[in-house]
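In order, the protein sequences belong to chains A, B and C. Using my numbering, you'd call the opening residue of the first sequence number 1 and step up by one each time. Using my numbering, you'd call the opening residue of the second sequence number 1001 and step up by one each time. Using my numbering, you'd call the opening residue of the third sequence number 2001 and step up by one each time. Glycine is no exception: its CB is placed at the ideal position from the N, C-alpha and C atoms. All figures in this text were calculated on a predicted structure; none of them were measured in a lab.
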Amino acid sequence: MPFIELDALEKAFTVRRRAGLLRREKREVRAVDGITFGVERGEMVGYIGPNGAGKSTTIKMLTGILTPSGGRLRVAGIDPARERTRLARRIGVVFGQRTTLWWDLPLRDSYRLVHRMYQVPDARFRENLDRCVELLELGDLLDVPVRQLSLGQRMRGDIAAALLHDPDVLYLDEPTIGLDIVSRTRVRSFLRELNADRGTTVLLTTHDLTDIEQLCSRVMVIDHGRLMYDGDLTGLHESGGGERLLVVDLATAMPPIEDVPGARFVRAEGPRQWLAFPATSSAAPLVAAVAAAYPLVDLSVREPDIETVIAKMYGGTREERRESLT
Amino acid sequence: MAERTAAEPVARREGAAGVAGPGRARLVRRGGESWRTYRMVAGMWIRSTMTYRSSFALTLFSSFCVTFFDFVVILLMFGHVEGIGGFAFAEVAFLYGTAGTSFGLADLTTGSLQRMGRRVRDGSLDTFLLRPAPLLAQVAADGFALRRLGRLTQGLVVLVWGLLLLDGVTWTPLKVLLVPVTVVCGAVIFMAVMVVGASAQFWIQDAAEVTNSFTYGGNTLLQYPPTIFAQELVRGVVYVVPLAFVSWLPALYVLGRPAPAGVPSWAAFASPAVALVCCGLAGLVWRAGVRSYRSTGS
Amino acid sequence: MPPEGDGKSARGSRPAPTRVVRFAALPSAAERGFTVPRPRLYATVAAGGFRRHATYRVATAAGVFTNSVFGLVLSYTYIALWDERPRLGGYSVDDALAYVWIGQALLTVCGLMGGGFETELMERVRTGDIAVDLHRPADLQAWWLAANAGRCAFQLLGRGAAPMVIGALVFDFTLPDGPGRWAAFLLSVALGSLVGFALWYLVAMSAFWLLDGQGVAQAAWLCGMFFSGMLLPLNVFPGALGDLARVLPWASLLQVPADVYLGRYGDGGGLVGAYAFQGCWALVLLAAGRAAQAAATRKVVVQGG
């Protein structure tokens, strides 16, 4: 049996809207509209979709904050809606935009509260804390009040706080949002190690496809409360027909690079040029070809953003739907 | 339609658990857990306050001094008159002291519940729901402030003062016992009102102020003798919102005065039972509020 | 608590500067050479304040309910008091009851127990968002004054009128002699709300130094409750305490408007004197607020909050 199991899961809200002076209109919104999937123990899954697609609603049901309005849901064999507090001991949650740390207190104090609230055995707690401190490089920060931490430092602190009680599952909601490159890389490598060493199941929502590419073997796309895709990232690119971008900085401004096979010139801005290539193919031969023919100074590869991939995935249908809604 | 019915067993099971109620052992365990959680969260808030040490000292001091203004008003009144509604100064001080101490106790422990609307609105209540600890204890301890000791101390001082001045009372063991019991039960009744007020914020966050009319307003009402109020108002706080049991009814017995018209004399001893019933009701309303929050997420 | 030294060294090694400093580095309005026609700007801010509070319908209804309950309780205590001592403080029972309900009506308008904006302002100071406000092409105090004027206008209509009507239905209290008296009363209320704003603005400024302004707000709240005469008219206060209370700024919030309403200042010189009293306090306190604001601005720029 899968570790996380959703069977035709549903969540419908009734939205009241003022229509006219006194009359109120009731409308049912299906935030999650029959989602079925299973996640095995130790899997690392990306859960993506545009804003308002139903991602957070799903996470809230998985953690027991929200009660589903239909379908079946089990996490580690527990029904989250019924046994929220029992489940709480087995899951860790990080909301990228909301800290659970104590604003005015040193980081250490927040961890002490986790220690006592989750009743983590002392030795176990110390071991976990040491590990997190080492891997997330929190050593210098433990005695700093949280309000003085930078966004990246706070996020690392939050991730540690979510892991001190040895959860079997870790939910991450936008864990890299607003972080600088260094913090981002550190967070990703930490998550990879956590998953490899501890076998922690990780479910993460993100807007950054690089997160998915570097961490997840599996990705699920949700839109309008329905599961639109479930598979690996290559498959997503194939079905989306997505393109990645190669951004090259040349020594000087040069005419458009149009002679490299497999790449399409997009635009140029001084010495910088943008080249598009199929998301499913490797960037390496392309880079080699450009480097051989041009004075290459620097380069970077940009993943297409999720909105673009999804928009491409459904072609015109999405645009049409949007228009019919407005 | 098929999906609808699939949802029902979940809802029914939750409902059943709520109605059948926990067994006694479970209740004790939940109580212990709640107390532990409350202490932990309140402790964190005290530590947070202590990081601004000078600010804390200043606020505690000002809180001590300034709460006494509230009682000065009564002193000023007695500068002009011998009695209010037929009650002498010592008697009014006793009424003020019992109600004030109960309210101070409730305000210290659960006064933060008033802030819950903000947690609901900005969604930070969700992080509380993710912890393996009773929600009510977490919310009650959220924003715990030692400066509220000022109000409690003031109530106690006036109560002791009133007791020392009372000379017409023939003290019996029953009356001696009734004073502390009244204060504790009164605090519990106030707490229950605060919990109901907080629960209402799950549905309407903007109406938080209504709770004030029953807590702060109730406290002001109880500071004065019931004889000065319209009888409809007195009956209202006996039978509708049972604030009369916080202090009026037992205090009138201690003072050797008759209960308000239409109220049986044994009501003076009913405070513990009323407090218990209030707790039960508050628990049910809270539970309903949490359930509604978890089904609507707003 | 970790030893003080540890915290300092850790703070020293922190790579990112505080948010406030970063914002403070933005060019100020003057440097950008960016000006907005002032009166129109502040009128817009005031209208925004009015509309913003007008959307809180449920909160307004809840407030009216609470005011009415307090008015009811206070009315009975006053009836008991004036029963024992008719003409106490020069008021008849009807005057005293009018006083109670005026108090409930002006509670939010004149900020007797909280200005209704200081919590938000203090929160902005605490989180550092205030740095953004300080660099707006508008004066901080004037901005908040305008927003508060809009709030007061709404509160007067939404939360002022209703409790008075309810009170008038239950009790038979004194009404002003004519429309002229009503107008005089409204002018006094306007001045009172200005003093109220200035007082609470000063309270809010304390957050720059104390960070946790809750305690100061609480102290100011209780001072306001006592010295505004909301619990007991100031002319009932005895001797020196009464003399003192009647010249403190809080007297401008309720006692003076109520006495204007009850016609105790007459229509001539007395009335002008009452307005002058309120006006002087408004000027003094607004100036003090400005001074505090200037000191706070320097502090933010230099120390980064």
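Expected contact under 8 Å - CB spacing of residue i and residue j to nearest Å
| i | j | result |
| --- | --- | --- |
| C:Tyr-2056 | B:Asp-1206 | 6 Å |
| B:Leu-1095 | B:Gln-1231 | So it is not a contact: roughly 18 Å between Cβ atoms. |
| C:Gly-2224 | C:Leu-2234 | Actually they are not in contact, since the Cβ atoms of C:Gly-2224 and C:Leu-2234 sit about 13 Å apart, beyond 8 Å. |
| A:Asp-223 | A:Pro-68 | Wrong, their Cβ atoms sit about 19 Å apart, outside the cutoff. |
| C:Leu-2106 | C:Leu-2097 | Wrong, their Cβ atoms sit about 15 Å apart, outside the cutoff. |
| B:Thr-1049 | B:Gln-1154 | Incorrect: roughly 20 Å between the Cβ atoms, too far for contact. |
| A:Gln-214 | A:Arg-188 | 5 Å |
| B:Gly-1150 | B:Leu-1060 | 7 Å |
| C:Leu-2253 | C:Gly-2196 | 5 Å |
| C:Gly-2049 | C:Ala-2147 | 4 Å |
| B:Thr-1098 | B:Met-1191 | At roughly 16 Å, the Cβ-Cβ gap does not stay under 8 Å, so B:Thr-1098 and B:Met-1191 are not in contact. |
| A:Glu-137 | A:Arg-186 | 7 Å |
| C:Tyr-2076 | B:Phe-1229 | 5 Å |
Per DSSP, cross-strand counterpart(s) of residue i
| i | result |
| --- | --- |
| A:Ala-12 | A:Arg-30 |
| B:Leu-1129 | None; B:Leu-1129 has no bridge partner. |
| A:Arg-98 | A:Phe-95 |
| A:Pro-145 | A:Pro-106 |
| A:Leu-286 | In the DSSP output, where bridge partners are listed per residue, A:Leu-286 has none listed. |
| A:Gly-38 | A:Glu-5 |
| A:Ile-78 | A:Val-75 |
| A:Glu-25 | A:Arg-17 |
Which listed residue (the options) has its alpha carbon closest to that of residue i
| i | options | result |
| --- | --- | --- |
| C:Leu-2199 | C:Leu-2186, C:Ala-2184 and C:Trp-2221 | C:Trp-2221 |
| A:Thr-99 | B:Arg-1047, B:Trp-1266, B:Leu-1233 and B:Leu-1125 | B:Leu-1125 |
| C:Ala-2061 | B:Gly-1086, B:Ala-1198 and B:Glu-1209 | B:Glu-1209 |
| C:Ala-2217 | C:Ala-2204, C:Phe-2208, C:Phe-2226 and C:Gly-2229 | C:Ala-2204 |
| A:Ser-110 | A:Asp-158, A:Arg-86 and A:Gln-97 | A:Asp-158 |
| A:Ser-183 | A:Gly-152, A:Arg-198, A:Thr-206 and A:Arg-24 | A:Gly-152 |
| C:Gly-2089 | B:Gly-1085, B:Leu-1076, B:Glu-1082 and B:Leu-1284 | B:Leu-1076 |
| B:Phe-1089 | B:Leu-1113, B:Trp-1161 and B:Arg-1131 | B:Trp-1161 |
| B:Thr-1170 | B:Tyr-1052, B:Ala-1288, B:Gly-1023 and B:Gly-1256 | B:Gly-1256 |
| A:Arg-218 | A:Leu-135, A:Arg-27, A:Glu-28 and A:Gly-42 | A:Gly-42 |
| C:Pro-2249 | C:Asp-2267, C:Tyr-2275 and C:Arg-2264 | C:Tyr-2275 |
| C:Val-2260 | C:Leu-2134, C:Leu-2175 and C:His-2053 | C:Leu-2175 |
| B:Val-1072 | C:Asp-2083, C:Leu-2262, C:Gly-2116 and C:Leu-2231 | C:Leu-2231 |
| B:Ala-1133 | A:Leu-141, A:Met-117, A:Cys-132 and A:Val-146 | A:Met-117 |
| A:Pro-2 | A:Leu-73, A:Arg-272, A:Lys-26 and A:Arg-30 | A:Leu-73 |
| C:Ala-2047 | C:Tyr-2099, C:Ile-2130, C:Phe-2154 and C:Val-2069 | C:Phe-2154 |
Unbroken beta strand (DSSP E) run spanning residue i, endpoints
| i | result |
| --- | --- |
| A:Ile-300 | Correcting the residue type first, residue 300 of chain A is Ser in the shown sequence and not Ile. Here the beta strand (DSSP E) through A:Ser-300 covers 296 to 302. |
| A:Phe-95 | 91 to 95 |
| A:Tyr-47 | 44 to 48 |
| A:Thr-74 | According to the sequence as given, residue 74 of chain A is Arg; it is not Thr. It spans 70 to 75 - the beta strand (DSSP E) in which A:Arg-74 sits, taken as one unbroken run. |
Alpha helix (DSSP H) segment containing residue i, residue limits
| i | result |
| --- | --- |
| A:Leu-172 | Careful: A:Leu-172 lies outside any alpha helix (DSSP H), inside the beta strand (DSSP E) at 169 to 173. |
| C:Trp-2143 | 2140 to 2155 |
| B:Arg-1036 | 1024 to 1050 |
| B:Leu-1284 | 1271 to 1296 |
| B:Pro-1173 | 1173 to 1200 |
| A:Gly-157 | 151 to 163 |
| C:Val-2132 | 2130 to 2134 |
| B:Tyr-1253 | 1248 to 1254 |
| A:Thr-176 | No alpha helix (DSSP H) holds A:Thr-176; DSSP gives it neither H nor E. |
| C:Pro-2163 | 2161 to 2170 |
| B:Gly-1162 | 1149 to 1165 |
| A:Ser-56 | 55 to 63 |
| A:Asn-128 | 122 to 135 |
| A:Thr-85 | 84 to 88 |
Residue i beta carbon near the ligand GTP (any heavy atom closer than 7 Å)
| i | result |
| --- | --- |
| B:Ser-1292 | Ligands in the displayed structure: none, and consequently the ligand GTP is not present. |
(Q) Report the start-end ranges of each beta strand (DSSP E) in the region 193 to 279 of chain A that is 3 residues or longer and not cut off at the edges. (A) 201 to 205, 218 to 223, 226 to 231, 243 to 250, 264 to 269 and 272 to 278
Q: Could you list the residues in the region 1041 to 1057 of chain B with a C-beta less than 7 Å from some C-beta on chain E, going in chain order?
A: This model lacks chain E altogether; the protein chains it does include are A, B and C.
Q: Would you list, in sequence order, the uninterrupted alpha helix (DSSP H) runs of no fewer than 4 residues that lie entirely inside the region 1077 to 1140 of chain B?
A: 1089 to 1110, 1116 to 1122 and 1125 to 1129
Q. In chain order, which beta strand (DSSP E) runs of at least 3 residues are fully inside the region 2239 to 2298 of chain C?
A. none
Q) In chain order, which alpha helix (DSSP H) runs of at least 4 residues are fully inside the region 2186 to 2229 of chain C? A) 2207 to 2210 and 2214 to 2227
(Q) Report the start-end ranges of each alpha helix (DSSP H) in the region 2042 to 2121 of chain C that is 4 residues or longer and not cut off at the edges. (A) 2057 to 2084 and 2093 to 2109
Q: Any chance you could list the alpha helix (DSSP H) runs of at least 4 consecutive residues sitting entirely within the region 1209 to 1240 of chain B, in chain order?
A: 1231 to 1235
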